[in-house]
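One structure is given below, encoded as structure tokens.
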Amino acid sequence: MIFEVFRQEQRKDYHVHVGNVHAPDREMARMYAQVMHARRKPAHSLWVVPKEEIAEVDSDDEGVSMGGLTQKEYRWATNYNTDETFAEEIEASQREQEEAERGREEAEAND
Numbered sequence: 001m002i003f004e005v006f007r008q009e010q011r012k013d014y015h016v017h018v019g020n021v022h023a024p025d026r027e028m029a030r031m032y033a034q035v036m037h038a039r040r041k042p043a044h045s046l047w048v049v050p051k052e053e054i055a056e057v058d059s060d061d062e063g064v065s066m067g068g069l070t071q072k073e074y075r076w077a078t079n080y081n082t083d084e085t086f087a088e089e090i091e092a093s094q095r096e097q098e099e100a101e102r103g104r105e106e107a108e109a110n111d
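Take a look at the structure:
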């Protein structure tokens with residue numbers, strides 16, 4: 001079985017692919033990885049992963065977009081279609097919240 005090895009030199013560094021090891025099981029793969037990739041040059045950690053468990057997401061694939069959205073209209077409420085009842089509901093909710101806060105303040109003052 002082939003296991004891919006990723007090495008992190010220091011705690012805040014990224015893990016970097018350093019090679020692979022051939023081993024019959026996970027425990028042996030860990031031992032081989034330590035000997036081959038952390039013996040001479042100390043490492044903070046190693047990731048040892050079966051090769052068949054690694055999947056690739058390619059930006060050329062259909063339906064895949066990486067790097068975030070360039071249009072961020074979703075951040076502004078002005079870009080949503082709303083009707084007048086929506087605004088009325090917001091006002092009613094705000095009044096209700098203010099009344100609840102006043103009631104809480106009065107209860108605390110009476111205690």
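Count the sequence shown with UniProt numbering and you get residues 1 to 111, in order.
All residues carry an ideal CB built from backbone N, CA and C; glycine is no exception.
Tell me whether the beta-carbon of residue i lies closer than 9 angstroms to the beta-carbon of residue j.
{"i": "H17", "j": "V5", "result": "yes"}
{"i": "M1", "j": "A33", "result": "no"}
{"i": "H15", "j": "R7", "result": "yes"}
Quick test of your reading: residue i and residue j, contact by CB under 8 angstroms. State the CB separation rounded to the nearest angstrom.
{"i": "H37", "j": "E9", "result": "Incorrect: roughly 11 angstroms between the Cβ atoms, too far for contact."}
{"i": "E50", "j": "F3", "result": "Here the sequence assigns Pro to residue 50, which means Glu is not the residue at that position. Between F3 and P50 the Cβ distance is about 6 angstroms, and since that is below 8 angstroms, they are a contact."}
Pull up the distance between the alpha-carbon of residue i and that of residue j, whole angstroms please.
{"i": "Q94", "j": "V57", "result": "45 angstroms"}
{"i": "R40", "j": "W47", "result": "17 angstroms"}
{"i": "E89", "j": "E101", "result": "18 angstroms"}
{"i": "E98", "j": "T85", "result": "20 angstroms"}
{"i": "N110", "j": "A87", "result": "35 angstroms"}
{"i": "A107", "j": "E96", "result": "17 angstroms"}
Taking the alpha-carbon of residue i as reference, which of the options has the nearest alpha-carbon?
{"i": "I54", "options": "A87, E99, E106 and N20", "result": "N20"}
Give me, in chain order, the residues of the same chain whose beta-carbon lies closer than 8 angstroms to that of residue i; leave out the 5 immediate sequence neighbours on both sides.
{"i": "D13", "result": "H44"}
Under 9 angstroms between C-beta atoms, does residue i make it to chain B?
{"i": "V16", "result": "Although the question refers to chain B, the structure presented lacks it and comprises just one protein chain."}
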